[in-house]
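Mapping of the sequence shown onto the working numbering: position 479 corresponds to residue 480, and the numbering continues sequentially without gaps. Notes follow the structure.
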Amino acid sequence: MRRSIRFTIITAILALVYFALPFTCGIFLQSSLQHFISYENERLGDTLGAHLALTGYHRGFFASRATLQIDRKDAQGRTVVLGQVPLDITHGPMHVTNGRFHLGLGVISATDFSLGKKWPYLLSFHEYVDFMRFHGLFMLKPASASGNSALGALQADTLELETASNLTADQFSFLLTGNNVHYQNVTKTVLTHAQKFVGQLSASRAGEHHWQLDVGMGLDNAHLLLTLPGQENARFGVNVDSIDLSNLHVDTKNIAAWLSKIVRIDEANSSGKSVPPAAWIALFQEFLTQSVSRDTQAHVEGFSLMSPMGDFEVTYDTSFPGLPSPHDYFDIATGNVSTLHVSVPSWSYVDAPSNTRFNVGNLAISGANNTVFARHLTLTAENFAVKNAQLSEAPPLFSATAISYRTESSGDSRAWSRTLRWRVGTLCFSEDCYKKIVGDLKLENLNFSAFRDIAAATQQVVQYDTSQPETLQSKWEKLALAYAKLITPETSAVLSYDMATGMGDMTVYAALSWPTLPAIKNNPTVDTFLDNADYQLRAQLPANYIDAFMQQQKINASPDRAPTDAPPSFEIQLAQVTKRAIDSGYLKKVGGDYILDMVGRGGDMTINGMALQVDSPVPLPR
């Protein structure tokens, strides 16, 4: 008997729990849903231009029914019903979604409903509510059984939107996924297709009409075909294996201020005021400074462009793992970790106004950055030429073959070094050619912290701000002093350059250092760096080359020839200075070469063992 009573009590308790818990979850679910819609109308209603209302709510023990009505105001201020969505509501505390077991208040769903007769899609959503958040999945599919159905010019097999929000509607996350997405404009000049598109957005409310957003996007197997209007043969094609951009941060107040600057510059342009192009670059840098953080990443793989001018392929990825907070654009430019590969098999462009054709063949660029303290960049090209577009048989105005350029950087924040190397097989200006060009430039032990001052001074020069009273000349002077701060007593610069001309070989060696530079506590002057500079220049120049140049300019024996009404050309002025240097012994002829050997510190200088005479009657060429 006791066992039967005990069994009856347990059964009654289980029955009570079975009926009471779903009913209780239904009560809390209705209250949570009504509060959520109220919060959403308050915080997003103006932004979305819509108002939500829950009507016809019928609550049962295990399930409920309701209708979600979507309203908006028309141009006359009248309320227009956009749609009424029937909701199926299943009470918790236990439910299964996509084969997974969940605990929560319940599930809200609607299946295959339309937002109007002209709406070509059926919309379904499935949203489960746990004890703290809303989690939803919205799916858009064609209403037509024949396959893709167009919304305007946009087509897709499916569009899915996953959502999540807390119960107070001040934190949201959205994940939009499109499969087999197509777009074609009315004139059929733009055609795009993506096998998969992903867009991500998370939003946190920071205040009244103030949100902080995190944005990301991805593309897989995307294609773009662009035809220029009226030019059927001028087609551009873009193929992308994948693009991934994640964690781009947007503060709505900051972006509003940034957009106001764009409007101000655009108004200045429209009114005829002079706005430097660099002002737009400064705005782009400001946007990156606002939106990039240490978790921001970008990856582009298999990007290729096909055009009438030629093709190229790009692979690129970048991240900013060491970016401080807060930071400026200098931190972004110097702290990124990235790789870059560019391949251009052939490219040809004609500039119609100048009737000039530019050709490049087998251009390749490869770079790897592990912040600014470990950077490598290599550029090679088989050939480059500039020609008259109409005179195909004429020699190029300028051409180069077997081109290579390499730069590397190393060091730390106290001493930063950079090496640049370039090689050119043949370099021609019309029919005047030079061969075996080899150049090396080494910059060692620069004060890296000065680059931040350079970046700030450059920003002041290029930005468009009419409220600043400082003159442009003053800004340029500050920029020059910012560059001077790169120099320390350990800083040095060494240049070597070799080239073969048709009349002999040319060799140049130059070195510059500041071993006696005193410690500078206050703002330095340019004279401080000039007075403490040690420099050396050695040049071996083909005598036949210089003599031919002098003969071509027909310089008289006397350097102070009577002036004519027209100012002399640059070549004549250069020839006059060269003649003066030869007569003074600063260019000494040794065998088949002219030799220049200059050594000095500050204003004390000797050339070929002779002190420099500064009272030259021949002005430097302008």
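Where a beta carbon is used, it is the ideal one built from N, C-alpha and C, also for glycine. Note that the structure is predicted; figures quoted are calculated from it, not measured.
State buried or exposed for F449, treating a residue as buried only when at least 16 other CB atoms are found within 10 Å of its CB. Buried, by the Cβ-count rule.
DSSP bridge partner residues for L88 (one or two, in chain order): Note: L88 sits in a beta bridge opposite A67.
Within the chosen definition, does the segment 248 to 260 reach the segment 212 to 220 through at least 3 CB pairs nearer than 8 angstroms? The segment 248 to 260, when compared against the segment 212 to 220, does touch it at the 8 angstroms Cβ threshold.
Residue burial classification, D352 (beta-carbon count within 10 angstroms, cutoff 16): Its Cβ having fewer than 16 others within 10 Å, D352 is exposed.
Proximity of S431 and S418 at Cβ, strictly below 8 angstroms: Not in contact: S431 and S418 (Cβ atoms no closer than 8 angstroms).
How long is the line joining the alpha carbons of Q461 and A483, rounded to whole angstroms? Roughly 12 angstroms separates the two Cα atoms.
From V644 to M307, what does the alpha carbon distance come to, in whole angstroms? The structure shown does not extend to residue 644, since the chain spans only 2 to 623, so no value can be given for it.
For P543, does the three-state DSSP call read helix, strand or coil? In this structure, P543 counts as strand in the three-state DSSP scheme.
Quick check on A612: does DSSP put it in helix, strand or coil? If DSSP states are grouped into helix, strand and coil, A612 belongs with the strands.
Could you tell me the distance, in whole angstroms, from the CA atom of A1 to the CA atom of F399? Residue coverage of the chain in this structure runs from 2 to 623, which leaves residue 1 outside it and unanswerable.
Compute the Euclidean distance between the alpha carbons of G57 and E163, then round it to the nearest angstrom. G57 and E163 have their alpha carbons spaced roughly 26 angstroms apart.
Nearest to F62 by alpha carbon, out of L22, I596, Y587 and D535? Ranking the options by Cα distance to F62, first place goes to L22.
Hey, would you say H127 sits closer than 8 angstroms to C26, going by beta carbons? Not closer than 8 angstroms, so no.
With a threshold of 7 angstroms (Cβ to nearest heavy atom), would Y498 be considered close to the ligand SAH? Absence of the ligand SAH from the depicted structure is noted, as is the absence of any ligand whatsoever, leaving it without description.
In the DSSP output, what is K486 paired with across the bridge? K486 pairs with nothing; no bridge assigned.
What runs of the beta strand (DSSP E), each 3 residues or longer, lie entirely inside the segment 379 to 414? For the segment 379 to 414, whole beta strand (DSSP E) runs of length 3 or above, ordered along the chain, are 399 to 412.
For D532, three-class secondary structure by DSSP: Looking at D532 - three-state DSSP - the assignment turns out to be helix.
Sorted by chain position, which residues of the same chain lie with C-beta nearer than 6 angstroms to G153's C-beta, five sequence neighbours on each side aside? Note that G153 has pLDDT 48, beneath the 50 cutoff, so the model's placement of it is unreliable and the number below is only indicative. Answer for G153: no residue qualifies.
Neighbourhood of S514 by C-beta distance below 6 angstroms, restricted to the same chain and skipping five residues each side: Cβ within range, chain order: S493 and D535.
Whole-angstrom Cβ separation of I404 and T372, contact assumed at under 8 angstroms? About 28 angstroms separates the two Cβ atoms, so there is no contact after all.
To the nearest angstrom, how far is it from the Cα of S617 to the Cα of Y587? The predicted model places S617 with a pLDDT of 48, which falls under 50 and marks its position as unreliable; any figure quoted below should be read in that light. One C-alpha to the other measures close to 12 angstroms.
Just tell me which of T316, K388, R73 and D594 has its CA closest to the CA of V361. Comparing Cα positions, the closest option is K388.
For T340 and L284, the rounded distance between their alpha carbons: When rounded, the distance between both Cα atoms is 25 angstroms.
D131: which of L225, Q31 and Q85 sits nearest, CA to CA? Looking at the Cα atoms, Q31 is the closest of the given residues.
Could you give the distance in angstroms between the alpha-carbon of Q201 and the alpha-carbon of H377? Straight across, the Cα-Cα distance linking Q201 with H377 is about 33 angstroms.
With a cut-off of 8 angstroms, does the C-beta of H211 fall near any C-beta of chain D? Here there is only one protein chain, and chain D is not present.
On the CB-based measure, 16 or more other CB atoms within 10 Å of its CB, does K254 come out buried or exposed? Classification for K254: exposed.
Please classify N557 as buried or exposed, where buried requires at least 16 neighbouring CB atoms within 10 angstroms. Caution is warranted here: a pLDDT of 46 is assigned to N557, below 50, making its placement in the model unreliable, and the coordinate value is therefore given only provisionally. The residue in question, N557, is exposed, as its Cβ has fewer than 16 Cβ neighbours within 10 Å.
For V315 versus V301, is the C-beta distance shorter than 8 angstroms? Contact flag set, yes.
Extent of the continuous alpha helix (DSSP H) to which R419 belongs: Per DSSP, R419 lies in no alpha helix (DSSP H); the unbroken beta strand (DSSP E) holding it starts and ends at W417 to F430.
Backbone secondary structure at K274 - three-state DSSP: Note: K274 maps to coil in three-state DSSP.
Could you tell me whether the Cβ atoms of L518 and I488 are closer together than 8 angstroms? Against a cut-off of 8 angstroms, the Cβ pair of I488 and L518 comes out as a contact.
Would you kindly work out how many angstroms separate the C-alpha atoms of L34 and D75, rounded to a whole number? Rounded to whole angstroms, L34 to D75 spans 27 angstroms at the Cα level.
With a cut-off of 8 angstroms on the beta carbons, I'd call G303 and V241 a contact; round off their distance for me. About 6 angstroms; that satisfies the 8 angstroms criterion.
Cβ of T579 within 8 angstroms of Cβ of I608? No; because the gap between Cβ atoms is not below 8 angstroms, this pair is not in contact.
Host alpha helix (DSSP H) of W515 (start-end): DSSP places W515 in no alpha helix (DSSP H); its state is neither H nor E.
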